[in-house]
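Chemist: Please see the structure below; I have some questions.
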Amino acid sequence: MTSLARRLRTLPLRSRLAMLVATAVAVAVAAAAVACWLLTRTQLEAELDNSLRNTSAPPGLVQDLASRCSPSGTSPETVNSAFAYIQIVDDDGGRCVESSSKPVKIQASDLAVARGTEASALHNSTTEDGAPVRVHTTAGRIGPTGVRIAVSISRPLGEIDASLNRLALLLTAVAGAGVIGAGAAGLWVARTGLRPVDGLTRAVEHVARTEDLSLRIPAEGEDEIARLSRSFNSMTAALASSRDRQAQLIADAGHELRTPLTSLRTNIELLARSEETGRAIPPEDRTALMASVKAQMTELASLIGDLQELSRPDASGPGPLQVVALHTIVESALERARLRGPDLTIEVALHPWYVRAEPAALERALVNVLDNAVKFSPPGAVVAVALSERGELTVRDHGPGIPAEELPHVFERFWRSPSARALPGSGLGLSIVARTVQQTGGEIALRPAAGGGTVAAIRIPGASTPPPSRPAGATRA
1 MTSLARRLRT LPLRSRLAML VATAVAVAVA AAAVACWLLT RTQLEAELDN
51 SLRNTSAPPG LVQDLASRCS PSGTSPETVN SAFAYIQIVD DDGGRCVESS
101 SKPVKIQASD LAVARGTEAS ALHNSTTEDG APVRVHTTAG RIGPTGVRIA
151 VSISRPLGEI DASLNRLALL LTAVAGAGVI GAGAAGLWVA RTGLRPVDGL
201 TRAVEHVART EDLSLRIPAE GEDEIARLSR SFNSMTAALA SSRDRQAQLI
251 ADAGHELRTP LTSLRTNIEL LARSEETGRA IPPEDRTALM ASVKAQMTEL
301 ASLIGDLQEL SRPDASGPGP LQVVALHTIV ESALERARLR GPDLTIEVAL
351 HPWYVRAEPA ALERALVNVL DNAVKFSPPG AVVAVALSER GELTVRDHGP
401 GIPAEELPHV FERFWRSPSA RALPGSGLGL SIVARTVQQT GGEIALRPAA
451 GGGTVAAIRI PGASTPPPSR PAGATRA
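So for the sequence shown, the UniProt record's numbering puts the first residue at 1; every next one is plus one.
The structure is reproduced here in structure tokens:
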């Protein structure tokens, strides 16, 4: 059985499906044929029994048969052409057979009827030469004194057996034809049902061979094959989009890396040439050159860090989330922002607000927002940072602002406003901010501020009070 199952697994799906359909139909046809044969046999036997019950020997025949019986209880002459066999049985087991009947073996139930312990009997028996018969025995009386006897009327079962044999041959032929038809139907069903699967297989093989993710499979209907086709189309579309984004990220990263690397190479070549030629660079020029190298290395390190942050797949999600005080993280980010804009005035109004987030990622996002406000604010300007009682964090600067037509692009990777391309930066900061805020279930938006400048508004779901701490040893339900 195990080897058979193993062999079936090695067959193609089409062959297995055809075999399953053929087997199922064959079993159904065989079961129907057997049920039909059994039902027919039961019906024929019931009709034979009814015929025997409704058949009775004429009284004159019984009297005449009893008068002509020999003392041994047998009729002096018998013939074998009777349609029904008639014989009388006395209580001692003697019998008298009608001249045109075959003698039938006496059963105990026949003697019980003759002795008056049973009213009638219906059973199977055989003739003396072994032919099966169906016997119906009833009570009777003969002679002037009314001697009790049993009258047995028998019908040969050969007529039923012949009909059942013919029916069995017919059903066998029908079942055989049904199995052959089932095999043909199984092949047709397998080919028709697996045609969409064949198309899907060819599509997958084509994608694996050519890496062409633009291929789409027509999906019609709502069955499993259509759902599988739509899932395959969604998968290839997602893979194509991911590959395009990856290619775009590599191209943009290469473009952004080229600028600081070119500047670094130029400055290093100037330093190397000075060493090779022996002509010293003036101290003030050397100081400026080293400051430029340091700034370019800082920008390069920042760009690499941003690229590492963006290299994490979106599906991986943030790190472990925990309840943190947003106002505390804002204060920590403000300390770093003040170091980058010492000539700016930062006004702060923070209300308590607790959120579930990754502390390090959230602080990095807030630092990016504050860095933008500091970078675009003119010297001596005011940057207003407020965290409302409803948990909305706003950062308002007094810089040049963002034109309305550029607002839809501010969160795209490497996108930079034409007015900001001369300033340091990679164009990845707001993209990282949007990703971090979205991973915490929040949202961020930029809008023009009244009187000039820009307002960055961040809203993260949370509460104004921290959740109650669980007692030691408690487990989360």
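Virtual Cβ for every residue (Gly too), placed ideally from N, Cα, C.
Quick caveat: nothing in here was measured; it's all calculated off a predicted structure.
So, is G391 buried or exposed, given that buried needs 16 or more other C-beta atoms within 10 angstroms?
Modeler: It counts as buried.
Chemist: Using the DSSP secondary-structure output, state which residues sit across from N123 in a beta bridge.
Modeler: Per the sequence shown, the amino acid found at residue 123 is His instead of Asn. Paired residues: V135.
Chemist: Report the rounded CA-to-CA distance for I106 versus V89, giving the unit in angstroms.
Modeler: Distance between the alpha carbons of I106 and V89 is about 8 Å.
Chemist: Who are G462's beta bridge partners in DSSP?
Modeler: V355
Chemist: Confirm, please, whether the CB-CB distance from V104 to V151 is below 8 Å.
Modeler: no
Chemist: Buried or exposed for A108, please, with buried defined as at least 16 other CB atoms from any protein chain shown within 10 angstroms of its CB.
Modeler: exposed
Chemist: What residues match up with C36 in a beta bridge as DSSP calls it?
Modeler: Answer by DSSP bridge pairing: none, since C36 is not bridged.
Chemist: Which of helix, strand or coil does DSSP assign to G178?
Modeler: helix
Chemist: Closest to E389 by CA distance: which of P352, A112 and V367 is it?
Modeler: Of the candidates P352, A112 and V367, the one whose C-alpha sits nearest the C-alpha of E389 is P352.
Chemist: I'd like to confirm the pairing. Which residues does DSSP put opposite Q439 in its beta bridges?
Modeler: Partner(s): none; Q439 has no beta bridge.
Chemist: To the nearest angstrom, report how far apart P378 and T236 are at their CA atoms.
Modeler: 48 Å
Chemist: Apply the 10 Å Cβ neighbour rule to H136 and answer buried if 16 or more other Cβ atoms are within range, or exposed otherwise.
Modeler: Buried.
Chemist: Pick helix, strand or coil for R216, following the three-state DSSP scheme.
Modeler: Shown here, R216 sits in coil according to DSSP, grouped into three states, outside any helix or strand.
Chemist: Please name the residue or residues paired with A386 in a DSSP beta bridge.
Modeler: A386 is bridged to A349 and T394.
Chemist: Could you say which of V323, Q296 and I460 lies nearest to T262 if we only look at CA atoms?
Modeler: Q296
Chemist: Using a Cβ-Cβ cut-off of 7 Å (strictly less than) and excluding sequence neighbours within five positions of L321, which residues of its own chain qualify?
Modeler: R356, A357 and E358
Chemist: Which residue or residues does DSSP assign as beta-bridge partners of Q43?
Modeler: For Q43, which the question treats as bridged, DSSP gives no partner whatsoever.
Chemist: Are the CB atoms of I153 and A57 nearer to each other than 8 Å?
Modeler: yes
Chemist: Can you tell me which of P467, V369, G399 and G442 puts its alpha carbon nearest to the alpha carbon of R452?
Modeler: According to the sequence shown, residue 452 is Gly rather than Arg. It is G399.
Chemist: Report back the beta-carbon spacing between V395 and L430 to the nearest angstrom; my notes put them in contact at under 8 Å.
Modeler: Contact flag wrong, Cβ pair sits at about 12 Å.
Chemist: Just to confirm, are G193 and L20 a CB contact at a threshold of 8 Å?
Modeler: Judged by their CB atoms, G193 and L20 are not nearer to each other than the 8 Å cut-off.
Chemist: For N54, is the classification buried or exposed, using 16 other Cβ atoms within 10 angstroms of its Cβ as the cut-off for buried?
Modeler: exposed
Chemist: Across the stretch 184 to 201 and the stretch 223 to 232, are there enough close Cβ pairs to call them in contact, namely three or more that are closer than 8 Å?
Modeler: Enough Cβ pairs lie closer than 8 Å, so yes.
Chemist: Give the secondary structure of L446 by DSSP, where H, G and I count as helix, E and B as strand, and everything else as coil.
Modeler: strand
Chemist: First and last residue of the beta strand (DSSP E) that includes S152?
Modeler: V147 to P156
Chemist: Going by Cα to Cα distance, which pick from F232, I180 and A175 is closest to T201?
Modeler: F232
Chemist: My guess is that V179 and A22 are in contact by the Cβ rule of under 8 Å, so how many angstroms apart are they, rounded?
Modeler: Indeed they touch by this definition, with Cβ atoms about 7 Å apart.
Chemist: Would you list the one or two residues that DSSP bridges to V104?
Modeler: T127
Chemist: What are the boundary residues of the alpha helix (DSSP H) that A333 is part of?
Modeler: Where A333 is concerned, the enclosing alpha helix (DSSP H) stretches over L326 to R340.
Chemist: Please state whether the Cβ-Cβ distance between F376 and D397 is less than 8 Å.
Modeler: Result yes, Cβ atoms of F376 and D397 sit closer than 8 Å.
Chemist: Do the CB positions of A175 and A35 come within less than 8 Å of each other?
Modeler: no
Chemist: For V382 and R336, which I take to be in contact (beta-carbon distance under 8 Å), what is that distance rounded to the nearest angstrom?
Modeler: Not confirmed; about 18 Å, so no contact.
Chemist: Nearest-angstrom Cα distance between L289 and P468?
Modeler: 56 Å
Chemist: Roughly how many whole angstroms lie between the Cα atoms of L326 and G462?
Modeler: 9 Å
Chemist: Roughly how many angstroms separate the alpha carbons of I268 and P260, rounded to a whole number?
Modeler: 12 Å
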